[in-house]
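Residue numbers (our numbering), protein chains in the order written: chain A, 1 to 419; chain B, 420 to 795.
A quick write-up on the structure given underneath.
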């Protein structure tokens, strides 16, 4: 075990079975598969009288829902409301002639994402079930894209993103572990690069950001910026200096105790009052993003604090014995261990932060949700809000669900809680 | 020495920043001929609030309007917490059911609900579902005593008469008497071993006392069945579509998280406990109710407390469907009379205060649950 370097993205890709692999193989009880489908059904659905009742009740409910849902999706719904407002859903009021900036960003993310997935040491083991699910998802996604997108250019660009990611996946596989360190740097650089690309060189001011693009950008900004601030706050909360400690406690508790909506209202109405009068007031979106960063940082701080509490006293003592200064002890000994154990909680916080970006409608940002509401107001598609909300919900869901699955895989790979 | 110096520097820096912000606020407000006093709170509010639990009219003060908003939010949270706990436990148990269909359905539910922003769900339930059900003219009615339409729902409610408050004392006495009887039956059961039927006896005691009070006072209250009118319902307990929208969304959303917590804590109960309960001959329902859940609760309460706090804070999402909650009303107040800073500080205090209250109650619950374990 000790010969494996374990940390985010640093695990050596070794082919020999390791200790915990073997242990897992030994510990797993042989799975007794029922011999026939009939037997499986009897065991899982009709094992007792009570069980049979549940199956019948749940089954009929399920049938009812499935019937209603499919009737809505395939018969009553008018999906033109989504297809005709697709740009509004994706980028909101972003000017059309500047949309290439968003596409370039998408391609940058596709290249990096493909390479990272390819270079990642834990590949998906394709069981038969996963293959079937994968193929089905791919077919449904293709059909959806083809049905919703009506211009050839957008269609080509969309499939271009997928193709690029797939191509990079293979490149990443070839290159393997060599790419990991450069990729980490590239990811870190890609974020400011994309911001410069979108805003700079005659680009688009944040006032005009919107749609799903805004949700993704806001979540990324929040995650990137709140992480370091959160770590500082967590260290502050555990500091031996009472002044620093009490400041951190007050900061964290106030931001955590009040809902994000209230903070967004605060950013819109109050922040302007607190700024120097001679200063030009920044756009609402920027103020809101800054306040959201502080909000998120307070949560990150509490998660990191949990991680810090899990570090054994001996680690500090050992670091001291090696003659490390406080800063070095924290940076090289304590934090790496603490952060590793907080990965699941951190990702689930980031998922909820991403979901919270929908709250920006409170300050009249036309994000994905606002676009969904807005497109069902016009005369032509009046009252078609179920369609638009379902589509918006689907987009939100895809990203959040993938993140949570990714977190689960990461958790097993890093063996959080096992060592 | 260095430490003291560092702290002094830190405090001075924080103080300077805060002072700067305060001065800016003072200057900016001065430009608008406003100040930082709370005097405006006493003036007439002047706007109507559709729904209120405590009495309210536009002629009352801003203080009153703020209280209305706070109580509305708290009411949603209280009802929501009660319902979501029940649903959450059901979902958590269903996630572990031996029945494949139920288990999978609970899982699909959790995966869908957890990964879609709550605000999308709030608006979906309100605009997509509730507002599209039949209009008031064609209300759905249940035997003519309960109604549902897109104007809201109405069910029979209790209407207090003159002596309602006196009867309330009787009810209180009934509860105390019931508790005493319950304790007596428990003691008897412990000493003699005869069946306690304490729930039955307790309920009967309460009913007898309450009914005696009712007869003595002569109609202290009546049950009023709602009537359908042209624009709404009269009498009974009424729920607005906004209230229903935020409540349904909050309950369904939080229950998915509570379900996962319950599932996790049931799994955390040692397998031997369930096997022992089985060996004692308890039925599956009894195993769950008497052996597994009480122990699981011990693990589950701290994270469930977090979910309650989230639910409380998420009541703020009611702003999106114009339910008069804290955010909705305070934004109206800001738009009417300015005074952003003062109003926002009140909002912060209210949210923090109620959060503290919930944590306090949950800590007490936690202690009693933990105590029972310690006695064993």
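Backbone N, C-alpha and C define an ideal beta-carbon position, used for all residues, glycine too.
It should be emphasised that the depicted structure is a prediction, and the values quoted were computed from it without experimental measurement.
- Closer than 6 Å: is that where the CB of residue 397 of chain A sits relative to any heavy atom of the ligand ZN? The ligand ZN is absent from the structure shown, which contains no ligands of any kind.
- Message: residue 261 of chain A and residue 746 of chain B - do their beta-carbons sit closer together than 7 Å?
- Response: Result yes, Cβ atoms of residue 746 of chain B and residue 261 of chain A sit closer than 7 Å.
- Item | Cutoff 8 Å; reference residue 359 of chain A; Cβ partners in own chain excluding five residues on either side | Excluding the 5 residues flanking it on each side, residue 359 of chain A has same chain C-beta neighbours closer than 8 Å at 260, 261, 264, in chain order.
- Task: For the segment 256–272 of chain A, enumerate the residues whose C-beta is nearer than 7 Å to any C-beta of chain C, in chain order.
- Result: The structure shown contains no chain C; its protein chains are A and B.
- Item | Reference residue 711 of chain B; option with closest CA among B/686, B/785, B/750 | Measuring from the Cα of residue 711 of chain B, the nearest candidate turns out to be B/686.
- Residues of the segment 758–786 of chain B with a CB closer than 7 Å to any CB of chain A: list them in chain order, please. Within the segment 758–786 of chain B, the residues whose Cβ lies closer than 7 Å to any Cβ of chain A are, in chain order, 759, 760, 763, 766, 767, 770, 771, 774.
- Message: Which residues in chain B have a C-beta closer than 8 Å to the C-beta of residue 71 of chain A? List them in chain order.
- Response: Result: empty, since nearest Cβ-Cβ is about 15 Å, beyond 8 Å.
- Message: By the DSSP assignment, the alpha helix (DSSP H) with residue 494 of chain B in it spans what residues?
- Response: Residue range 481–514 is occupied by the alpha helix (DSSP H) that includes residue 494 of chain B.
- Message: On the criterion of 16 or more Cβ atoms from any shown chain inside 10 Å, does residue 458 of chain B qualify as buried, or is it exposed?
- Response: Counting of Cβ neighbours within 10 angstroms places residue 458 of chain B among the exposed residues, the total staying below 16.
- For residue 397 of chain A, go through chain B and note every residue whose CB falls closer than 8 Å to its CB, in chain order. Simply 531, 534, 535.
- Contacts around residue 23 of chain A, its chain only, beta-carbon distance under 6 Å, and the 5 residues preceding and following it disregarded: Note on residue 23 of chain A: pLDDT 49, under 50, position unreliable in the model; no value is reported.
- Task: Could you please give me the residues that DSSP links to residue 571 of chain B through a beta bridge?
- Result: Residue 571 of chain B is bridged by DSSP to B/568.
- Note down, in chain order, each residue of its chain lying with its Cβ closer than 8 Å to the Cβ of residue 193 of chain A, except the 5 sequence neighbours on either side. Here residue 193 of chain A has 108 as same chain residues with Cβ atoms under 8 Å from its own Cβ, once five neighbours each way along the sequence are excluded.
- Looking at the C-beta of residue 496 of chain B, does it have a partner C-beta in chain A at a distance below 7 Å? In terms of beta-carbon proximity, residue 496 of chain B stays away from the interface with chain A, with every pair separated by 7 Å or more.
- Query: Hey, is residue 55 of chain A's beta-carbon within less than 7 Å of any beta-carbon in chain B?
  - Reply: By this cut-off, residue 55 of chain A is an interface position.
- Task: Tell whether a beta-carbon distance below 7 Å holds between residue 230 of chain A and residue 301 of chain A.
- Result: Contact: yes.
- Task: Determine the extent of the beta strand (DSSP E) in which residue 641 of chain B is found, giving its start and end residues.
- Result: Residues 640–643.
- Query: How would you write the range of the beta strand (DSSP E) that residue 658 of chain B sits in, first residue to last?
  - Reply: Residue 658 of chain B -> beta strand (DSSP E) spans 656–658.
- Alpha carbon to alpha carbon, what distance is there between residue 86 of chain A and residue 78 of chain A? Across the structure, residue 78 of chain A and residue 86 of chain A are spaced so that their CA atoms are roughly 14 Å apart.
- Message: One question on the structure: do residue 566 of chain B and residue 652 of chain B come within less than 7 Å of each other, judged by their Cβ atoms?
- Response: Yes, Cβ-Cβ distance for residue 566 of chain B and residue 652 of chain B is below 7 Å.
- Item | Residue interval of the alpha helix (DSSP H) (run including residue 469 of chain B) | No alpha helix (DSSP H) holds residue 469 of chain B; DSSP gives it neither H nor E.
- Using a Cβ cut-off of 7 Å, pull out every chain B residue sitting near residue 375 of chain A, in sequence order please. Near residue 375 of chain A there are no residues of chain B at all, since even the closest Cβ is about 13 Å away, more than 7 Å.
- Span of the alpha helix (DSSP H), counted from its first residue to its last, around residue 731 of chain B: Counting along the chain, the alpha helix (DSSP H) containing residue 731 of chain B begins and ends at 712–733.
- Item | Straight-line Cα distance separating residue 274 of chain A from residue 99 of chain A | Cα to Cα, residue 99 of chain A sits roughly 35 Å from residue 274 of chain A.
- Task: For residue 362 of chain A, I'd like the list of residues in its chain whose CB is within less than 7 Å of its CB, leaving aside the five on either flank, ordered along the chain.
- Result: So the list reads 261, 264, 265, once near-sequence residues are dropped.
- Query: What is the rounded straight-line gap between the Cα of residue 489 of chain B and the Cα of residue 333 of chain A?
  - Reply: If you take the alpha carbons of residue 489 of chain B and residue 333 of chain A, they lie about 47 Å apart.
- Coil, strand or helix - residue 367 of chain A by DSSP: DSSP places residue 367 of chain A in strand when its eight states are reduced to three.
- What residues are listed by DSSP as bridge partners for residue 576 of chain B? Answer by DSSP bridge pairing, in chain order: B/643.
- Under 7 Å Cβ to Cβ from residue 769 of chain B, same chain only, skipping five residues before and after it: list those, please. These residues qualify, in order along the chain: 489, 745.
- Query: So residue 734 of chain B and residue 495 of chain B are in contact, right, with Cβ under 8 Å, and what is the actual spacing, rounded?
  - Reply: Yes, residue 734 of chain B and residue 495 of chain B are in contact; Cβ-Cβ is about 5 Å, under 8 Å.
- Item | Neighbour list for residue 404 of chain A in chain B, Cβ cutoff strictly below 9 Å | Within 9 Å Cβ-Cβ: 530, 533, 534.
- Query: Quick one: does residue 518 of chain B have its CB under 7 Å from some CB of chain A?
  - Reply: Under the Cβ distance rule, residue 518 of chain B counts among the residues neighbouring chain A, one pair being separated by less than 7 Å.
- Item | Simplified DSSP state of residue 554 of chain B, which is helix, strand or coil | Here DSSP, grouped into helix, strand and coil, assigns residue 554 of chain B to coil.
- Message: Using DSSP's beta-bridge definition, name the partner residues of residue 211 of chain A.
- Response: Residue 211 of chain A is bridged by DSSP to A/367.
- Roughly how many angstroms lie between the CA atoms of residue 404 of chain A and residue 644 of chain B, to the nearest whole one? Going by the C-alpha atoms only, they are around 48 Å apart.
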